[in-house]
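Input: a single structure, listed below in structure tokens.
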Amino acid sequence: MSTAGAGAATAAVSDTPDVLPAGAKCGPWVIEREIGRGGMGAVYAVVHEDIGKRAALKIVHRRLLTPAFNIDRVMLEAKVVNAVGHPNIVDIFETGKLEDGRPYVVMERLEGQPLSYRADEGKILSDQVVAILLQVCDALIAAHASHIVHRDLKLDNVFLVDNVEDPGVPKVKLIDWGIAKVINHDVRHTIEGQLVGTPQYLSPEQARGADVTPQTDVHSLGVMAYELFLEQLPFEAETSAEIMAMHLRAIPPAPSELWPDIPQQLEDLILLMLAKNPENRPTMLEVARRLEAVGAELMARRDEQLALATGTVSIEAAAPITGAQFRRPSTGGSRIRVGSDGLRARLASEGLSPSQSRRRPSAGLAPTEPADSIDWQPKRKRWQFAIGAAALVASAMMFLLSRTGDTPVADAAARPAVTDTQSAAPIEHESTAPVATAPVAPANLAVTVMT
48 MSTAGAGAAT AAVSDTPDVL PAGAKCGPWV IEREIGRGGM GAVYAVVHED IGKRAALKIV
108 HRRLLTPAFN IDRVMLEAKV VNAVGHPNIV DIFETGKLED GRPYVVMERL EGQPLSYRAD
168 EGKILSDQVV AILLQVCDAL IAAHASHIVH RDLKLDNVFL VDNVEDPGVP KVKLIDWGIA
228 KVINHDVRHT IEGQLVGTPQ YLSPEQARGA DVTPQTDVHS LGVMAYELFL EQLPFEAETS
288 AEIMAMHLRA IPPAPSELWP DIPQQLEDLI LLMLAKNPEN RPTMLEVARR LEAVGAELMA
348 RRDEQLALAT GTVSIEAAAP ITGAQFRRPS TGGSRIRVGS DGLRARLASE GLSPSQSRRR
408 PSAGLAPTEP ADSIDWQPKR KRWQFAIGAA ALVASAMMFL LSRTGDTPVA DAAARPAVTD
468 TQSAAPIEHE STAPVATAPV APANLAVTVM T
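In our numbering, the protein residues as written are 48 to 498.
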């Protein structure tokens with residue numbers, strides 16, 4: 048990581064507005080075009096003038112440079128990703144500051160789409176879901192080995208790019224490490240008492256403001272698995288405070304209530320990952336091992352249905368599938384779709400009895416801290432939350448928790464009856480203005496995101 052070229056950058060852009068035109072330079076990096084613009088800053092496609100390397104340049108908005116702005120957060124992301132150095136984590140090449148104090152980051156330019164976009168479009172297949180989660184596991188296993196916790200896992204922060212080695216399975220790039228936690232590190236990158244993360248994916252310990260551990264990421268990945276396989280989040284409510292209270296006290300609908308014939312080992316794994324007590328959750332390595340077994344079972348189940356439908360049994364279908372074999376799911380056959388209509392399609396394709404889908408639009412608050420991301424969800428609004436008003440949220444939570452009692456929820460196999468929350472009407476929100484300066488085709492977007 049280098050700050051080389053920062054001096055040259057100041058001469059070129061220090062007196063320009065936030066929007067940099069094509070041809071402007073930041074050190075040796077030449078602006079080609081603006082990719083996207085969000086609350087935190089702008090993202091540009093750039094090329095190195097000497098060696099022709101293509102990259103993405105992120106520059107924080109000048110208006111954010113107030114005493115309250117934590118500039119270390121930008122630098123932390125670069126340090127974290129380089130400390131881990133994993134192929135499933137976005138790469139950062141250079142950091143620096145312009146003369147006016149704006150920090151910038153030069154990073155890998157990604158060609159693809161976020162996982163949230165693919166899920167909304169219904170373009171993910173069942174074996175791909177597990178293969179994608181396994182790649183996320185691989186990245187997090189490496190991060191945890193380096194004593195780093197991501198703290199903000201969600202579908203929006205998993206970027207899918209084309210995989211030339213295996214076109215049937217997109218390659219994962221885990222992005223947005225700006226609020227990552229370096230365990231046992233003295234430098235603080237958050238305000239005392241501030242909650243960081245996205246409410247729908249928060250772990251109970253994050254909701255309490257307690258210390259985070261690698262098990263925090265396990266919980267958030269469990270929420271992602273629940274959402275991808277069952278097409279709804281474990282907890283949905285009208286406000287961030289209510290969602291956090293549910294993470295602390297409530298038990299989500301059992302996966303088997305939404306998918307009656309869900310593989311038992313998949314349901315067991317999801318519930319373990321969502322355990323309230325971090326000590327009851329598996330390690331990320333154990334999650335990966337169990338996911339491999341789940342993938343093998345899903346493939347075997349699919350092949351069995353294909354054999355029944357065609358009246359033939361292939362050698363591959365007749366032989367047991369191991370977890371290791373699932374690491375490279377097949378690219379042919381009639382794999383089962385997951386997405387907007389995926390739960391019913393998957394159940395029907397497997398010869399199962401579909402239950403009524405209970406997926407609802409996520410209701411929530413407008414972001415209290417803007418996120419630097421492009422609005423790529425044309426079909427369904429995926430509300431993102433950034434929790435900055437700690438006092439307001441805390442007071443609301445105290446009121447909510449006073450109504451739910453003081454007895455914590457135990458992580459037990461026996462589950463009490465779950466109250467259906469469908470009756471809570473979703474809140475109507477105004478559409479957010481597009482942050483892209485020009486229309487961008489939904490397929491094969493070139494974007495690097497910073498929150």
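Cβ atoms here follow ideal geometry from the backbone N, Cα and C, with glycine treated the same way.
Environment of residue i [buried if 16+ CB atoms lie within 10 Å]
{"i": "A460", "result": "At A460, the pLDDT of 40 sits below 50, so the modelled position is not reliable; the number obtained from the coordinates is stated separately. A460 comes out exposed."}
{"i": "G132", "result": "exposed"}
{"i": "V196", "result": "buried"}
{"i": "R198", "result": "buried"}
{"i": "I171", "result": "buried"}
{"i": "E124", "result": "buried"}
{"i": "R165", "result": "buried"}
{"i": "A488", "result": "Here the model assigns A488 a pLDDT of 36, short of 50, so the residue's position is not dependable, and the following value carries that caveat. Exposed, by the Cβ-count rule."}
{"i": "H194", "result": "exposed"}
{"i": "E96", "result": "exposed"}
{"i": "A288", "result": "buried"}
{"i": "Q311", "result": "exposed"}
{"i": "I290", "result": "buried"}
{"i": "T357", "result": "exposed"}
{"i": "G269", "result": "buried"}
{"i": "G99", "result": "exposed"}
For residue j and residue i, the rounded distance between their alpha carbons
{"i": "G88", "j": "L145", "result": "14 angstroms"}
{"i": "A322", "j": "V219", "result": "26 angstroms"}
{"i": "G159", "j": "L202", "result": "14 angstroms"}
{"i": "P281", "j": "E274", "result": "7 angstroms"}
{"i": "L355", "j": "A69", "result": "58 angstroms"}
{"i": "A178", "j": "V265", "result": "16 angstroms"}
{"i": "L111", "j": "W306", "result": "46 angstroms"}
{"i": "S267", "j": "V259", "result": "12 angstroms"}
{"i": "N210", "j": "I188", "result": "21 angstroms"}
{"i": "A71", "j": "V152", "result": "16 angstroms"}
{"i": "V66", "j": "G85", "result": "12 angstroms"}
{"i": "P217", "j": "Q175", "result": "8 angstroms"}
{"i": "D499", "j": "A292", "result": "No answer is possible for residue 499: the residues shown for the chain start at 48 and end at 498."}
{"i": "K228", "j": "S173", "result": "32 angstroms"}
{"i": "P28", "j": "Q182", "result": "No statement about residue 28 is possible, as the shown extent of the chain runs from 48 to 498 and does not include it."}
{"i": "L318", "j": "L200", "result": "17 angstroms"}
{"i": "D147", "j": "R109", "result": "8 angstroms"}
Cut-off 7 angstroms between Cβ atoms - residues of its own chain near residue i, not counting five sequence neighbours on either side
{"i": "V107", "result": "M87, G88, V121, R149 and P150"}
{"i": "N204", "result": "L221, I222 and D223"}
{"i": "P75", "result": "G52, H95, E96 and D97"}
{"i": "V77", "result": "G70, V93, V94 and E96"}
{"i": "L249", "result": "M291 and H294"}
Same chain, Cβ closer than 6 angstroms to residue i, neighbours up to 5 away in sequence not counted
{"i": "E155", "result": "V137 and D138"}
{"i": "E337", "result": "In the sequence under discussion, the amino acid at residue 337 is Arg, which differs from the Glu named in the question. Cβ neighbours of R337 beyond the five flanking positions: L316."}
{"i": "Q262", "result": "P325 and R328"}
{"i": "L295", "result": "P251 and A254"}
{"i": "I230", "result": "H194"}
{"i": "F140", "result": "V153"}
Anticipated Cβ contact below 8 angstroms, residue i with residue j, distance rounded
{"i": "A102", "j": "V90", "result": "Their Cβ separation, rounded to whole angstroms, is 11 angstroms, which puts A102 and V90 out of contact at 8 angstroms."}
{"i": "V208", "j": "I226", "result": "With 8 angstroms as the limit, V208 and I226 do not qualify as a contact, their Cβ atoms being about 23 angstroms apart."}
{"i": "M320", "j": "H191", "result": "Rounded, the Cβ-Cβ distance is 14 angstroms, inconsistent with contact."}
{"i": "A335", "j": "C184", "result": "4 angstroms"}
{"i": "A272", "j": "L180", "result": "6 angstroms"}
{"i": "V93", "j": "E79", "result": "6 angstroms"}
Residue-chain proximity (residue i, chain C), Cβ-Cβ < 8 angstroms
{"i": "L321", "result": "The structure shown has no chain C; it contains just one protein chain."}
Per DSSP, cross-strand counterpart(s) of residue i
{"i": "K126", "result": "Paired residues: none, contrary to the question."}
{"i": "Y91", "result": "E81 and L104"}
{"i": "I195", "result": "V229"}
{"i": "I139", "result": "M154"}
{"i": "K218", "result": "V208"}
{"i": "P329", "result": "Answer by DSSP bridge pairing: none, since P329 is not bridged."}
{"i": "P161", "result": "F206"}
Neighbourhood of residue i by C-beta, 8 angstroms cutoff - its chain only, sequence neighbours within 5 removed
{"i": "A186", "result": "V131, H133, N135, I136, V219 and L221"}
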